[in-house]
Each structure stands twice: as structure tokens, then as C-alpha cells.
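Residue numbers (the working numbering): 216 to 297.
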């Protein structure tokens with residue numbers, strides 16, 4: 216529900232890994248993991264969907280990373296207000 220407010224509807228699978236990141240429709244999770252970090256990685260899936268693919272250069276990657284971090288912070292504020 217929260218991500219839908221940002222027009223974000225993730226379609227991913229989850230796998231365990233040594234570090235947490237998103238790539239090609241898979242969110243790789245390491246432990247410990249926070250809900251906020253999962254939200255951050257799900258946002259990357261939505262960014263990829265909306266842009267028609269992965270970031271094509273570092274500037275675009277940086278922009279997407281900043282946007283995902285901003286939504287992650289919104290999630291933290293949303294959860295703390297409940």
C-alpha cells in the first residue's frame with residue numbers, strides 16, 4: 216500500500232545473499248535486514264519498470280539511488296508515526 220502512493224507496484228522475487236541489493240527483478244537480501252531497506256530495494260524495481268530498464272549511466276544511477284533513499288526515509292517516518 217505504501218509504495219502505491221508513489222505509483223510503485225513491485226514485481227520481484229527474493230533470494231538470500233551476502234549483501235542486500237536489487238538486480239534484474241530480484242531483491243537479494245542479507246541479514247540483518249530492515250523493512251526500510253527492503254522498501255528501498257523494491258523502489259529500484261519500480262524505477263526500472265517505469266524507465267523501461269536499468270540505469271544507463273552513473274548520473275541516472277545516482278538519481279535513482281537518491282530517489283529510493285528519499286522514499287526509504289518516507290517509509291521510516293510513516294512507520295514511526297503509527
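The beta-carbon is built from N, C-alpha and C at its ideal position, and this holds for glycine as well. These numbers come from a predicted model, not from an experiment.
Start-to-end residues for the beta strand (DSSP E) that takes in residue i
{"i": "residue 231", "result": "228-231"}
{"i": "residue 244", "result": "241-244"}
DSSP-derived helix/strand/coil call for residue i
{"i": "residue 234", "result": "coil"}
{"i": "residue 221", "result": "helix"}
Bounding residues of the alpha helix (DSSP H) (the contiguous stretch that carries residue i)
{"i": "residue 288", "result": "273-296"}
{"i": "residue 257", "result": "250-266"}
Through-space distance from residue j to residue i, alpha-carbon basis
{"i": "residue 269", "j": "residue 233", "result": "22 angstroms"}
{"i": "residue 225", "j": "residue 273", "result": "23 angstroms"}
{"i": "residue 237", "j": "residue 285", "result": "17 angstroms"}
{"i": "residue 217", "j": "residue 290", "result": "8 angstroms"}
Whole-Å CB distance - residue i paired with residue j, under 8 angstroms assumed
{"i": "residue 248", "j": "residue 235", "result": "6 angstroms"}
Checklist entry - Is it a yes or a no for the region 273-280 touching the region 233-243, going by three-plus beta-carbon pairs under 8 angstroms? => result no
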